[in-house]
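In the working numbering, the protein residues as written are 3 to 165.
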């Protein structure tokens, strides 16, 4: 059973370990975050928490049944009942439904706890797994985009009280 927790200060060590452990895996489908990201992780973590405190973003960690951090699901640029969705699931949990379950859960939370009515997300064309998660969770294509120099698609999902 997966659970999402809103990002807290005490997630820092587990989140850094997750990002380090999955760095090469993530770099196969999205641009690498670079060495500075890891060297300055503590400052970055504090900045994310401060940004979350403003209400502009909602950051979440994904925990497996044993309480191990296996992913992240974030809602950014919250405004006017809408937000942008981003997510990443670690290699160990990939292909097992964790991303789909996490996106479904964040859609529910977005609607019921954060009062959002619509989410948008983007996926690069060369990242079919991410696009499949979005389609499985009710997102539909609304346009084209460029993500870090790669062509992609933008998706949208209207939320209901059930997510």
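All C-beta atoms, glycine included, are put in the ideal place defined by N, C-alpha and C.
Exercise. Around the C-beta of residue 142, are 16 or more other C-beta atoms found within 10 angstroms, so that it is buried, or is it exposed?
Worked result: exposed
Exercise. Counting pairs of beta carbons, one from the stretch 70–90 and one from the stretch 101–111, are three or more of them closer than 8 angstroms?
Worked result: yes
For this session: Pull up the DSSP beta-bridge partners for residue 152, would you.
Result: 149
Exercise. For residue 31, which of 131, 144, 52, 49 has the nearest alpha-carbon?
Worked result: 131
Exercise. Where residue 56 and residue 81 are concerned, what is the direct C-alpha to C-alpha distance, given to the nearest angstrom?
Worked result: 12 angstroms
For this session: Over the uninterrupted alpha helix (DSSP H) stretch that includes residue 13, give me the two end residues.
Result: Note, residue 13: premise wrong, no alpha helix (DSSP H); not H, not E.
Problem set entry | Residue from 16, 83, 41, 6 whose Cα sits closest to the Cα of residue 119 | 83
Problem set entry | For residue 47 and residue 17, believed in contact at Cβ under 8 angstroms, the rounded distance | 7 angstroms
Problem set entry | Beta bridge counterpart(s) of residue 158 as assigned by DSSP | 122, 142
Exercise. Using the C-alpha atoms, what's the distance from residue 96 back to residue 138?
Worked result: 15 angstroms
Exercise. Out of curiosity, what's the CA-to-CA distance linking residue 156 and residue 14?
Worked result: 30 angstroms
Problem set entry | Buried versus exposed call for residue 39 [16 or more other C-beta atoms within 10 Å across all chains shown] | exposed
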